[in-house]
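Please read the structure below before turning to the comments.
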Amino acid sequence: MSRVVIIGAGVMGLSVAAHLHELGADDVVVVDRARALGEGSSTSRATGGFRAQFATEINVRLSLLAREELRARAEMGYRPCGYLFLAREEATLDVLRAAQRVQHACGLTEARMIDAREAREINPAIDDPLVIGGAFCPTDGFITPMDVLRAYAHGVRIQFESEVTGLRTSGERVTAIETTRGLIEGDLFVNAAGAWARQFGGVPVEPVERHVLPTVATAALPDTMPMTIWADDGFHLRVRDGRVLLLAPDADPEARARQRVPCLKEIAVDRANAWSGFYEMSPDHHAIVGRSMPFVNLFLANGSSGHGVMHAPAIGRIVAEMIVGAPTSLDVSALRPSRFAEGCAIEAPALL
Ligand SMILES: Cc1cc2nc3c(=O)[nH]c(=O)nc-3n(C[C@H](O)[C@H](O)[C@H](O)COP(=O)(O)OP(=O)(O)OC[C@H]3O[C@@H](n4cnc5c(N)ncnc54)[C@H](O)[C@@H]3O)c2cc1C
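142 is the number that this note's numbering gives to position 92 of the sequence shown; each next residue is one higher, with no gaps.
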């Protein structure tokens with residue numbers, strides 16, 4: 051069997067490796083510059099949301115495929131506490147409605163539109179008179195990113211402390227990777243370098259910084275509270291490890307939390323323990339999956355754009371299937387790397 055060399059021991063690289071093992075590949079090496087599992091990766095910074103409420107068929111189907119594995123592997127920490135999207139504007143409700151039509155067509159029939167009263171029943175902590183309704187899916191919820199990572203790392207050969215500095219190529223093939231600890235030759239290669247993927251094969255992925263602001267330890271909200279998202283401005287919150295995690299893409303989330311969730315008015319935030327990390331953004335905010343454009347033996351598992359932990363069970367499986375030449379569990383041609391050059395980038399509103 052051929053040797054497969056994977057760049058990046060984040061959730062994507064290790065999911066590919068674990069699924070390759072499952073499919074019988076026995077010569078797989080994962081290379082990472084970190085000193086230990088998770089260190090320096092986006093995976094260790096993720097808050098651990100899981101959802102199938104997306105606006106495009108491919109993302110909904112990736113989530114449904116991932117969910118099968120998450121349900122089968124309790125150690126990954128899947129807890130279906132729900133995702134509650136709230137809307138303050140009619141136009142936002144329209145976006146949620148359109149997304150839900152896509153979700154229902156894919157079989158996610160448990161996702162439903164709700165009115166403002168029902169939103170407050172689902173999450174009684176909210177007090178925002180501007181909310182006019184929203185969408186809720188009870189089978190969305192949470193996973194534990196580091197547990198997913200550890201589950202995939204089990205039995206995988208990982209070479210840490212090896213920065214990959216370049217690709218050795220011959221024509222349209224990669225022959226080896228150059229690392230700070232020497233050359234590693236292989237037959238097939240995978241770019242799973244997360245937010246740093248652009249270095250290998252010119253993948254159009256940009257790192258975009260995201261911040262997480264935790265409160266101090268508090269029992270003000272239960273840890274079964276659904277992920278709650280104001281779809282108009284992206285402010286969202288969840289409870290994890292006895293703290294409330296506050297996130298807002300373009301603003302300080304503290305003021306929003308105090309305005310919209312009264313029980314948090316008196317709860318201090320813990321700026322000393324705030325953290326940030328990078329989303330691996332692709333131009334259309336969808337993953338880039340398949341053979342790379344310039345190199346026929348370099349496969350890409352890139353660009354999940356902030357959904358990489360939840361989609362890793364699906365994308366890792368699919369990339370492994372491509373590598374061994376098996377039929378893929380899902381048609382991911384919509385995510386082909388060539389779509390940008392072909393003018394076929396995916397067009398859809400991002401729900402978050
Ligand atoms: C604040 C925040 C919250 C998030 N919340 C969620 C969430 O709720 N749900 C969700 O699904 N996703 C979430 N994400 C996104 C998620 O973290 C990423 O999509 C996912 O971790 C990407 O996995 P990856 O394996 O592609 O990248 P990474 O986990 O970053 O792994 C890439 C690896 O490649 C290595 N690497 C890079 N360059 C080199 C090199 N030159 N040589 C050697 N090694 C290299 C890095 O060291 C790293 O270990 C969040 C991200 C952030 C920042």
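Glycine is no exception: its CB is placed at the ideal position from the N, C-alpha and C atoms. Please read these numbers as outputs of a predicted model, since none were measured by experiment.
Asked: Within its chain, find whatever has a CB closer than 6 Å to the CB of Ala384; leave out the 5 residues flanking it on each side and keep chain order.; Found: Ile108
Asked: How would you write the range of the beta strand (DSSP E) that Ala267 sits in, first residue to last?; Found: Note, Ala267: premise wrong, no beta strand (DSSP E); not H, not E.
Asked: Report the three-state DSSP secondary structure of Val382 (helix, strand or coil).; Found: coil
Asked: Determine the closest residue to Cys156 out of Phe104, Thr219, Arg207 and Glu125, with distance taken between C-alpha atoms.; Found: Phe104
Asked: Excluding the 5 residues preceding and the 5 following Val382 in the sequence, name in chain order all residues of the same chain whose CB lies nearer than 6 Å to its CB.; Found: Val339 and Ile368
Asked: Please tell me whether, using a cut-off of 7 Å, the distance from the CB of Asp82 to the nearest non-hydrogen atom of ligand 1 is below it.; Found: yes
Asked: Excluding five sequence neighbours on each side, which residues of the same chain lie with their C-beta closer than 6 Å to the C-beta of Asp177?; Found: Pro312
Asked: Can you give the beta carbon distance from Ile182 to Arg147, rounded, assuming they're within the 8 Å contact cut?; Found: Going by Cβ atoms, the distance from Ile182 to Arg147 rounds to 12 Å, so no, they are not a contact pair.
Asked: If the criterion is Cβ atoms closer than 8 Å, does the pair Pro257 and Val61 meet it?; Found: no
Asked: Which stretch, first to last residue, makes up the beta strand (DSSP E) that contains Thr225?; Found: Arg223 to Thr229
Asked: By alpha-carbon positions, which one of Gly184, Ala96 and Ile373 ends up nearest to Gly327?; Found: Ala96
Asked: Under the rule that 16 or more other beta-carbon atoms within 10 Å means buried, what is Glu89, buried or exposed?; Found: exposed
Asked: How would you write the range of the alpha helix (DSSP H) that Met196 sits in, first residue to last?; Found: Pro195 to Ala203
Asked: Quickly, what does DSSP pair Asn241 with across the bridge? List them, please.; Found: Ile57 and Leu350
Asked: Here's the rule I'm using: 16 or more other beta-carbon atoms within 10 Å means buried, otherwise exposed. How should Pro276 be labelled?; Found: buried
Asked: Could you compute how far the alpha carbon of Arg101 sits from the alpha carbon of Asp190?; Found: 4 Å
Asked: On the DSSP bridge list, what partners appear for Thr278?; Found: Leu134 and Leu287
Asked: Can you tell me where the alpha helix (DSSP H) with Ser144 in it begins and where it stops?; Found: Going by the sequence as given, residue 144 is Asp instead of Ser. Per DSSP, Asp144 belongs to the alpha helix (DSSP H) from Glu140 to Ala155.
Asked: Can you give the Cα-Cα distance for Arg83 and Glu168, rounded to whole angstroms?; Found: 48 Å
Asked: Can the beta-carbon of Arg281 be found closer than 8 Å to that of Leu136?; Found: The question names Arg, but residue 281 in the sequence shown is Ala. The answer is yes: Cβ separation under 8 Å.
Asked: For Arg321, collect the residues of the same chain with a Cβ closer than 8 Å to its Cβ; drop the 5 residues on either side in sequence, then sort them by chain order.; Found: Leu263
Asked: Report the rounded CA-to-CA distance for Glu72 versus Ala201, giving the unit in angstroms.; Found: 13 Å
Asked: Using a Cβ-Cβ cut-off of 7 Å (strictly less than) and excluding sequence neighbours within five positions of Pro363, which residues of its own chain qualify?; Found: Ser65, Ala116, Glu119 and Leu120
Asked: Should Leu134 go down as buried or exposed, given a rule of 16 or more other Cβ atoms within 10 Å for buried?; Found: buried
Asked: Which word fits Ala180, buried or exposed, when buried means at least 16 other C-beta atoms lie within 10 angstroms of its C-beta?; Found: Correcting the residue identity first, residue 180 is Leu in this sequence and not Ala. Flag for Leu180 reads exposed.
Asked: Please state the DSSP three-state secondary structure of Thr97.; Found: coil
Asked: Suppose you measure from the CA of Ile317 to the CA of Ala267; what does that come to, to the nearest Å?; Found: 9 Å
Asked: Report buried or exposed for Glu213, applying the criterion of at least 16 other Cβ atoms within 10 angstroms of its Cβ.; Found: exposed
Asked: Ends of the beta strand (DSSP E) at Val78?; Found: Val78 to Val81
Asked: Excluding the 5 residues flanking Gly216 on each side, which residues of the same chain have their C-beta closer than 6 Å to its C-beta?; Found: Glu228
Asked: For Cys394, write down the residues that DSSP places opposite it in a beta bridge.; Found: Looking at the DSSP assignment, Cys394 forms no beta bridge with any residue, so it has no partner.
Asked: Going by DSSP, what residue range makes up the alpha helix (DSSP H) through Glu330?; Found: Per DSSP, Glu330 belongs to no alpha helix (DSSP H); it is in the beta strand (DSSP E), Trp325 to Met331.
Asked: Check whether the Cβ atoms of Pro188 and Pro272 sit closer than 8 Å, and answer yes or no.; Found: no
Asked: Can you have a look at Ala376 and say buried or exposed, based on whether 16 or more other CB atoms are within 10 angstroms of its CB?; Found: exposed
Asked: For Arg386, which residues in the same chain have their Cβ closer than 6 Å to its Cβ, ignoring the five residues on either side in sequence?; Found: Gly340
Asked: Pull up the distance between the alpha-carbon of Phe210 and that of Ala175, whole angstroms please.; Found: 44 Å
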